[in-house]
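Trainee: Could you have a look at this structure, given as structure tokens, before my questions?
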Amino acid sequence: MTTPLLEMRDIVKTFPGVRALDGVDLDVRPGEVHCLLGQNGAGKSTLIKILSGAHRTDEGTITWQGTPVSLRSPSAAMKLGIATIYQELDLVDGLSIAENIHLGHERSRLGFSRRAEMLQAARKVLDRLGHGDLDPAREVGELPSALKQIVSMARALSHDARLIIMDEPSAVLAHDEIRGLFEVIGQLTEQGIAVVYISHRLEEIREIGDRVTVLKDGRTVAGGLPAEETPTQQVVSLMTGRDVEYAFPQRPQVGAREHSPELLRAEHLSRPREFDDISFTVRRGEIVGLAGLVGSGRSEILQTLYGARTPATGRILVDGEHLRPGSVRAAVRAGMGLAPEERKSQALVQYESIARNVSLASLGRYSRLGWVDRGREHAAASAATDSLQLQPADTRRPVRVLSGGNQQKAVVARWLLADCRLLLLDEPTRGVDVGARAEIYALVRRLADSGVGVVLVSSEIPEVLGLADRVLVLREGRIVREADARDIDEPQVLDLFMEGSAA
Amino acid sequence: MTEQPPAAETVPEATPDTSTATPRSGRPTDRLRLAGANQRQVLGLVAVLALLVAAGSVTTENFFQISNLVLLLTQASIIGVVSIGMTFVIISGGIDLSVGAIIALASVWATTGATQDFGLAGMLFTAIVVATVCGLVNGGLIAYGGLVSLIVTIAGMAGFRGLATLISGGRSQVVETSAFSAIATTDILGIPLLVYIFATVVAVGWLLLNRTTFGRHVFAIGGNPEAARLAGIDVRRVRATVFALSGLCCGIAAIMLTARTNTGASTHGTFYELDVIAAVILGGTLLTGGRGTLIGSILGVLVFTTVTNIFVLNNLSTPIQQIAKGVIIVVAVLLQRRANKEAAT
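Protein chains in written order, with UniProt numbering: chain Z, 1 to 503; chain E, 1 to 345.
This is the structure:
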């Protein structure tokens, strides 16, 4: 039994309103591939950030090669030999491979960089990764994602990393590229380097993983399980057996919506590399949930319905009428409203007041010949925010002071004001704390009861199953299952997600 | 959605005072909006201006004479008109470096022999149309061609002035139409017509920016273009319109400048873009877009004009004026950054 490279005990990390980690244990041995499993919100990304020095722990101990350490900053983590490879690779596109590898620790004499030496050193680390053929003088911007990952790993190696954390590295790769990634991981572990590997795909974990740690609701529920022998059923139930129950509003009776008129019909929508042959309908008053992992095409489908992306094939009908594809304005005119995933960057104008943000999409209603009737506008905006119990009630306050849940309410209020009939919600509770979530759920159900059709996208399976009437499960851009939300449960959905890439 | 929440669920401290303190009318909105960073900005500029006026009246006897103040306002008018259009452009998240060149082109085109044959109306029409079309060309390339405004208007800066020189042959074209020259010489109630023109442009611009859907959309596309697009706003049309508006203002300014100098020349408006942008930024409009006021821009113009005026009255050299301008800009922007940081916390 070798001494563990890394030992984490009882790690606790709280953010305002959330206990992100609540007792996490993790042991990593030298030269192993240790897989970290858990649903969205289970605490994986917080744990990674702690390991990479981006966040500091509130409680708990971290032991590195037998010595207690504190990971005070990213450079402290790097100095110990912990390197993190994020999904959005932190490479500088305009620089060469060698320059990226040495970024931050350039070799120089009297301020002049020693190019030849850097190229040679770069070639050496690339060689260690089995990519000695890659020209280190090439610009990183022109490399495919798979090779960019290699450059990131080479950078980690050049820092003498002993532990490399990979956050869903396969998500950005094509099927055959994953093979190459696994070979590189094999090279690393042969040299005694440990890898913490995060992926949603169980079959990958079986293939390259040595041991598995499962996180759920900020806790380690199982540590050091053998990756190959543990049955899928056990892993899934460890991931899902949750104690936190969400409060979901009551659904209408089975079949209550069967006769309500059809509001939206999507027929055979496709966009290359995003989604393929997507067809479904939404009735008035119905909440349809799209469940899928990152990269399953769920957000892209929503944006296509809304006209923010143009479908390559297929058509969209609203009330039986053909909707002009690729036009947000046509979608808004047809009565659609989108509450996007990134509220700050895609929905809210930060400098403006709550009222002005709420009235943004319906200003035409409160104006005559372009002249805004500010009294009516303000009254309507305030009425909408009041009905949603948005806090603060004073709509003259700048929108940037709002909490996540209230920001979401401001976006929903915008579409209420625009008499929206089909509301598209992309991750409506991301960044929203638990108490406000229940309010958002109740609000969405009330809207549906008043006849609004809702398309809900969420990476949280319980949210989709608890709130939606009907669920479409997506995997790699295709609908793999359509079911009444009452006839399908979380393990089934997870199984559908993880049945593996269809190749 | 009609369901009313039970009273018990509302947060206690929010219910009693908001209903009374917040009359649901639009009026207090702007006053309160101003009370934030904007008002502080305006107050700061008023204070700077007051200091300058004090300095002016202490250093020279002539400063407070009516004739000098009228001169000061007249000098501010032309740059002021251009700064109104520029404020729209910068709030929308763009920049227009071609304003000086557009003024030159409009001025030259309006004073060619052929145009002057059509008399006053023909000259006014030509200046306005030429300048607005230049603005539309900028706006079209930026909004529909997807080009960066900095690049497009740098190109415009060179291109429009080049065209002006080509048309005029590099010569000054004297205004022969006396009705046109009268624009600069007419006084109403002792105040030059040029000042009234400036005041009118300010009033129309203010209403457009603060009271119309278009004005709201300008703020929205400057503050968050993606959010504006996803809210169903025709971002490209608003963007193109803003540059056309800047062109229109240049046309008006070209008329004023041509009348005042009694010539059309391809050298008119040289470096106006820098003076105007400096004034707008001094006025508190964010160079990154989304926030700004016309009042601030006007005050910014007045500050610069007053500095120049005082320096001229004191017979101080041009280089010292330029140094003073530079210092004012840097100090003002530093102060703004501090004020913005305070406002953000």
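Backbone N, C-alpha and C define an ideal beta-carbon position, used for all residues, glycine too.
Measuring CB to CB, does E:GLY269 end up less than 8 Å from E:GLY283?
Mentor: Position 269 of the second sequence holds residue 269 of chain E. Position 283 of the second sequence holds residue 283 of chain E. Cβ distance not < 8 Å, so E:GLY269 and E:GLY283 don't count as in contact.
Trainee: Which ranges does the alpha helix (DSSP H) cover as unbroken runs of at least 4 residues, wholly within the segment 284 to 309 of chain Z, from first to last along the chain?
Mentor: Complete alpha helix (DSSP H) runs here, min 4: 298 to 305.
Trainee: Spell out whether any CB of chain E is found under 8 Å from the CB atom of Z:GLU352.
Mentor: Within the first sequence, numbered from 1, the residue matching residue 352 of chain Z stands at position 352. Closer than 8 Å: yes.
Trainee: Could you have a look at E:HIS217 and say whether DSSP puts it in helix, strand or coil?
Mentor: Start at 1 with the first residue of the second sequence, and residue 217 of chain E comes out as number 217. Three-state result, E:HIS217: helix.
Trainee: In three-state terms, what does DSSP make of E:PHE180?
Mentor: Stepping through the second sequence from its first residue, residue 180 of chain E is reached at position 180. DSSP places E:PHE180 in helix when its eight states are reduced to three.
Trainee: Could you list which residues in chain E have their beta carbon closer than 7 Å to that of Z:LEU465, in chain order?
Mentor: Within the first sequence, residue 465 of chain Z is the residue found at index 465, counting from 1. Chain E residues near Z:LEU465: none, gap ~25 Å exceeds 7 Å.
Trainee: Does DSSP put Z:ILE198 in a helix, in a strand, or in coil?
Mentor: In the first sequence, the residue the question calls residue 198 of chain Z occupies position 198. It is a strand residue.
Trainee: Taking just the CA atoms, how far does E:PHE271 sit from E:LEU43?
Mentor: Translated into positions along the second sequence, residue 43 of chain E becomes position 43. Translated into positions along the second sequence, residue 271 of chain E becomes position 271. Distance between the alpha carbons of E:LEU43 and E:PHE271 is about 28 Å.
Trainee: How far does the alpha helix (DSSP H) with Z:VAL140 in it reach, from first residue to last?
Mentor: Taking the first residue of the first sequence as 1, we reach residue 140 of chain Z at position 140. Taken as a continuous stretch (DSSP letters only), Z:VAL140 belongs to no alpha helix (DSSP H), as it is neither H nor E.
Trainee: Looking at C-alpha atoms only, which residue of E:THR177, E:VAL46, E:GLY80 is the closest neighbour of E:ALA279?
Mentor: Reading the second sequence from its first residue, position 279 is the one you call residue 279 of chain E. Of the candidates E:THR177, E:VAL46, E:GLY80, the one whose C-alpha sits nearest the C-alpha of E:ALA279 is E:GLY80.
Trainee: Identify whether Z:GLU177 lies in helix, strand or coil by the three-state DSSP scheme.
Mentor: The residue given as residue 177 of chain Z occupies position 177 in the first sequence. Z:GLU177 falls in the helix class under three-state DSSP.
Trainee: Counting along the chain, where does the beta strand (DSSP E) carrying Z:ILE316 start and finish?
Mentor: Taking the first sequence and counting its residues from 1, one reaches residue 316 of chain Z at position 316. First-last of the beta strand (DSSP E) with Z:ILE316: 313 to 318.
Trainee: According to DSSP, E:ILE78 sits in a beta bridge with which residue or residues?
Mentor: Working through the second sequence from its first residue, we reach residue 78 of chain E at position 78. BP columns for E:ILE78 are empty, so no partner.
Trainee: Output yes if chain Z places a C-beta closer than 8 Å to the C-beta of E:ALA231; else output no.
Mentor: The residue labelled residue 231 of chain E in the question sits at position 231 within the second sequence. Answer yes: the Cβ-Cβ gap between E:ALA231 and chain Z drops below 8 Å somewhere.
Trainee: Taking 8 Å as the limit between beta carbons, can you name the residues of its chain near E:THR186, skipping five residues before and five after?
Mentor: Numbered from 1 along the second sequence, position 186 holds the residue referred to as residue 186 of chain E. If we look at E:THR186 and ignore the five residues flanking it on each side, its Cβ neighbours are PRO192, LEU193.
Trainee: Can you tell me where the alpha helix (DSSP H) with E:CYS250 in it begins and where it stops?
Mentor: In the second sequence, the residue the question calls residue 250 of chain E occupies position 250. Counting along the chain, the alpha helix (DSSP H) containing E:CYS250 begins and ends at 235 to 261.
Trainee: Looking at C-beta atoms only, is the number of pairs between the segment 71 to 86 of chain Z and the segment 119 to 129 of chain Z that lie closer than 8 Å three or more?
Mentor: Short answer: they don't touch.
Trainee: Here's the rule I'm using: 16 or more other beta-carbon atoms within 10 Å means buried, otherwise exposed. How should E:TYR144 be labelled?
Mentor: Taking the second sequence and counting its residues from 1, one reaches residue 144 of chain E at position 144. The residue in question, E:TYR144, is exposed, as its Cβ has fewer than 16 Cβ neighbours within 10 Å.
Trainee: Taking 8 Å as the CB-CB cut-off, is Z:ALA502 touching chain E?
Mentor: Residue numbering aside, residue 502 of chain Z sits at position 502 when the first sequence is read from its first letter. With a pLDDT of only 39 at Z:ALA502, under the threshold of 50, the placement of this residue in the model should not be trusted, and no figure is reported.
Trainee: Please list the terminal residues of the continuous alpha helix (DSSP H) segment that includes Z:HIS378.
Mentor: Taking the first sequence and counting its residues from 1, one reaches residue 378 of chain Z at position 378. Start and end: 374 to 387.
Trainee: Answer yes or no: does any C-beta atom of chain Z fall closer than 8 Å to that of E:ALA220?
Mentor: One-based indexing of the second sequence puts residue 220 of chain E at position 220. Yes, E:ALA220 counts as interfacial toward chain Z.
Trainee: If I follow the unbroken beta strand (DSSP E) through Z:ARG470, where does it start and stop?
Mentor: Along the first sequence, read from residue 1 onward, the residue named residue 470 of chain Z stands at position 470. Unbroken beta strand (DSSP E) run through Z:ARG470: 470 to 475.
Trainee: Run the CB neighbour count on Z:PRO68, radius 10 Å, all protein chains shown included, and call it buried at 16 or more, exposed below.
Mentor: On the first sequence, position 68 is the one that residue 68 of chain Z refers to. When all chains shown are included, Z:PRO68 counts as exposed.
Trainee: Tell me where the alpha helix (DSSP H) around Z:GLU59 begins and ends.
Mentor: The residue labelled residue 59 of chain Z in the question sits at position 59 within the first sequence. Per DSSP, Z:GLU59 belongs to no alpha helix (DSSP H); it is in the beta strand (DSSP E), 59 to 64.
Trainee: Rank Z:ARG298, Z:GLY285, Z:ASP484, Z:VAL399 by C-alpha distance to the C-alpha of Z:ASP276 and give the top, closest one.
Mentor: The count along the first sequence starts at 1 and reaches residue 276 of chain Z at position 276. The option with the nearest alpha carbon to Z:ASP276 is Z:ARG298.
Trainee: Going by C-alpha distance, which of E:GLY222, E:THR59, E:GLU226 is nearest E:SER92?
Mentor: As a working note, residue 92 of chain E is residue 92 in the second sequence. If we check each option's Cα against that of E:SER92, E:GLY222 comes out closest.
Trainee: Taking Z:SER158 as the query, report the chain E residues whose CB atoms sit under 8 Å from its CB, ordered along the chain.
Mentor: For this step, residue 158 of chain Z is matched to residue 158 along the first sequence. In chain order: nothing, as chain E lies at least about 36 Å away.
Trainee: Do we get a CB-CB distance below 8 Å when we pair Z:SER345 with the residues of chain E?
Mentor: Within the first sequence, numbered from 1, the residue matching residue 345 of chain Z stands at position 345. Yes - at least one Cβ of chain E is within 8 Å of the one on Z:SER345.
Trainee: For a cutoff of 8 Å on Cβ pairs, would you count E:ARG236 as touching chain Z?
Mentor: Position 236 of the second sequence, counted from the first residue, corresponds to residue 236 of chain E. Chain Z, which has no Cβ nearer than 8 Å to the Cβ of E:ARG236, makes this no.
Trainee: What is the DSSP secondary structure of E:THR305, reduced to helix, strand or coil?
Mentor: Locating residue 305 of chain E in the second sequence gives position 305, counting from the first residue. E:THR305: helix per DSSP, three-state reduction.
Trainee: If you count every other CB in all the chains shown that lies within 10 Å of the CB of E:GLN75, and 16 or more means buried, which is it?
Mentor: Walking along the second sequence from the start, residue 75 of chain E turns up at place 75. Per the 10 Å Cβ criterion, buried.
Trainee: Measure the alpha-carbon distance for E:VAL174 versus E:GLY251 and round it to whole angstroms.
Mentor: As a first step, residue 174 of chain E must be located in the second sequence, where it is residue number 174. As a first step, residue 251 of chain E must be located in the second sequence, where it is residue number 251. For E:VAL174 and E:GLY251, the distance between alpha carbons rounds to 18 Å.
Trainee: With distances taken from CA atoms, which of E:VAL99, E:VAL133, E:VAL70, E:GLN39 is nearest E:ILE84?
Mentor: The residue labelled residue 84 of chain E in the question sits at position 84 within the second sequence. Of E:VAL99, E:VAL133, E:VAL70, E:GLN39, the residue nearest in Cα terms is E:VAL99.
Trainee: Check each candidate in Z:ARG397, Z:ARG446, Z:VAL432, Z:GLU267 and name the one with the smallest Cα separation from Z:ARG343.
Mentor: To locate residue 343 of chain Z, count along the first sequence from 1; it is residue 343. When each option's Cα is compared against that of Z:ARG343, the closest is Z:VAL432.
Trainee: Report all residues from its chain with a CB closer than 8 Å to the CB of Z:LYS49; omit the five preceding and five following residues, and keep chain order.
Mentor: The residue given as residue 49 of chain Z occupies position 49 in the first sequence. Excluding residues within five positions, the ones whose Cβ falls inside 8 Å are HIS55.
Trainee: Counting only the same chain and skipping the five closest in sequence on each side, list residues whose C-beta sits under 6 Å from that of Z:ALA436.
Mentor: As a working note, residue 436 of chain Z is residue 436 in the first sequence. Around Z:ALA436: GLY405.
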